[in-house]
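Using the numbering used here, read the sequence shown as starting at 36 and increasing by one per residue. Cβ coordinates follow ideal geometry from the N, Cα and C atoms, glycine included.
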Amino acid sequence: MNCYETLFVVKPTLTEQEIASQVAKIKEVLAKENAELIATDDMGMRKLAYTVAKQNRGYYTVLYYKADGSKIAEIERNLKINEDIIKFLTVKYSSKKEVAQFEKMIASIDKSKNEKTSKEAAPKKEAVVEEVAAEVTQEVTE
């Protein structure tokens with residue numbers, strides 16, 4: 036199995052739920068083709084370098100996965116026939132140096148996701164601590 040990275044751009048006119056469903060469809064295609072999805076990087080809405088399909092912006096998503104080379108044609112065919120995807124690019128990592136770089140990217144994506152989840156969890160804990168402290172203060176004053 037080879038290492039691959041597929042970047043695709045979804046139309047900006049879709050809602051967040053529709054964008055999520057488009058990403059889910061592509062993940063289903065990967066699963067159907069027995070590709071091992073390693074990581075997903077949602078880059079968000081960005082400006083395109085040039086107009087594509089009368090669009091100046093698009094929602095970028097990158098999928099990192101391992102698959103057989105024979106399966107890539109079917110994955111790209113599904114990307115082509117999807118009208119909501121305006122552009123895509125698949126990159127194959129073949130040399131040892133490229134594969135090592137691929138592993139580093141995966142590690143950095145996982146690390147950034149872990150940091151985001153810990154940052155999101157931290158404010159909630161602080162809010163709970165503040166609420167408990169306020170309740171204790173009220174009980175003491177009464």
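Problem - Cβ pair PHE43, THR125 closer than 7 Å - result: No, Cβ-Cβ distance for PHE43 and THR125 is not below 7 Å.
Handout entry: Where the beta strand (DSSP E) containing LEU114 begins and where it ends
Key = Where LEU114 is concerned, there is no enclosing beta strand (DSSP E), although the alpha helix (DSSP H) around it starts and stops at 107–116.
Handout entry: Of the residues ALA102, SER130 and GLU150, the one placed nearest TYR66, counting alpha carbons only
Key = A small correction: the amino acid at residue 66 is Ala; Tyr does not occupy that position in the sequence shown. Of the candidates ALA102, SER130 and GLU150, the one whose C-alpha sits nearest the C-alpha of ALA66 is ALA102.
Exercise for the section: Please go through the same chain and pick out, in chain order, the residues whose beta-carbon is closer than 7 Å to the beta-carbon of VAL64, but skip the five residues on each side of it. Expected result: ILE110 and ASN113
Practice task
Just grab the DSSP bridge partners of THR75 for me.
Solution key: According to DSSP, which records beta bridges pairwise, THR75 is partnered with LEU98.
Handout entry: Counted within 10 angstroms of its Cβ, other Cβ atoms place GLN136 as buried (16 or more) or exposed
Key = exposed
Exercise for the section: Quick one: using the 10 Å Cβ neighbour count with 16 as the cut-off for buried, is GLN52 buried or exposed? Expected result: exposed
Problem - Identity of the residues DSSP links to PRO43 by a beta bridge - result: For the sequence presented, residue 43 should be read as Phe rather than Pro. THR96 and PHE123, per the DSSP bridge assignment.
Problem - Per-residue DSSP class, three states only, for ALA84 - result: ALA84 falls in the strand class under three-state DSSP.
Exercise for the section: Kindly list the residues whose CB is nearer than 6 Å to the CB of ALA58, restricted to its own chain and excluding five residues on each side of it in sequence; keep chain order. Expected result: In the sequence on display, residue 58 carries Val and not Ala. Closer than 6 Å at the Cβ level, and outside the excluded window around VAL58, lie THR96.
Handout entry: Residue from ALA88, SER130 and ILE121 whose Cα sits closest to the Cα of VAL45
Key = ILE121
Exercise for the section: Can you tell me which of LYS115, LYS148 and SER105 puts its alpha carbon nearest to the alpha carbon of ASN37? Expected result: SER105
Problem - Sequence-distant residues of the same chain with beta carbon closer than 6 Å to THR172, five excluded per side - result: Confidence at THR172 is low in this model, with a pLDDT of 47, below 50, so its placement is unreliable and the value that follows should be read with caution. No residues qualify anywhere along the chain.
Practice task
Could you tell me whether the Cβ atoms of GLU40 and TYR94 are closer together than 7 Å?
Solution key: no
Practice task
Work out the CA separation of ALA70 and TYR128 for me, nearest whole Å.
Solution key: 15 Å
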